[in-house]
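Participant:
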Amino acid sequence: MSYRCPVCGGVIANWLVKKEHFECPDCESLLTSNRQKVLKQSLVVAMIVWLLILIGVQHYSGSWGYAAVVSIEAGGILSAMLAALYYRLVIRLKRAV
Ligand SMILES: [Zn+2]
1352 MSYRCPVCGG VIANWLVKKE HFECPDCESL LTSNRQKVLK QSLVVAMIVW LLILIGVQHY
1412 SGSWGYAAVV SIEAGGILSA MLAALYYRLV IRLKRAV
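Remember, this note's numbering sits 1351 above the position in the sequence shown when you count from 1.
1. When you measure from the CB of G1416 to every non-hydrogen atom of ligand 2, does any distance come out below 8 Å?
2. Quick one: what's E1379 bridged to in DSSP?
3. Quick one, which of V1420, Q1409, W1401, S1393 has its alpha-carbon nearest Y1438's?
4. Compare the beta carbon distance of S1422 and V1408 with 9 Å and say whether it is the shorter of the two.
5. Assess contact between the segment 1373-1389 and the segment 1399-1406, defined as three or more Cβ pairs (one per stretch) separated by less than 8 Å. Is contact present?
6. Reducing DSSP to helix, strand and coil, say where K1388 ends up.
7. Quick one: is the Cβ of V1368 within less than 8 Å of any heavy atom of ligand 1?
Encoded structure:
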């Protein structure tokens, strides 16, 4: 997984984006990302997906116990995957001022 520099289009490694401010390895522009904000949003996405699965399974099975087991096992994996996908799609790099 890698990102593109908004200034020169060069490839930026994933581990660099984890820092708050970082330099492009090609053009040395000082860059920043919206990672902190997106990380929080992806956690909210995961919680909403998990709750929807919990409520959905309870609705079809009629049992809160069964719904809890299914949502913890399958729902946990699914919501984590969707959160990771959201994180990957929404993250943006920009030039620091
Ligand atoms: Zn660059």
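Here a beta-carbon is modelled for each residue, glycine too, at the ideal position from N, C-alpha and C.
No experiment lies behind these values; they were computed from the predicted model shown.
Facilitator: The answer reads as follows:
1. By its list of ligands, the structure shown excludes ligand 2, since it contains just ligand 1.
2. Bridge partners of E1379: none, in fact.
3. S1393
4. yes
5. no
6. helix
7. no
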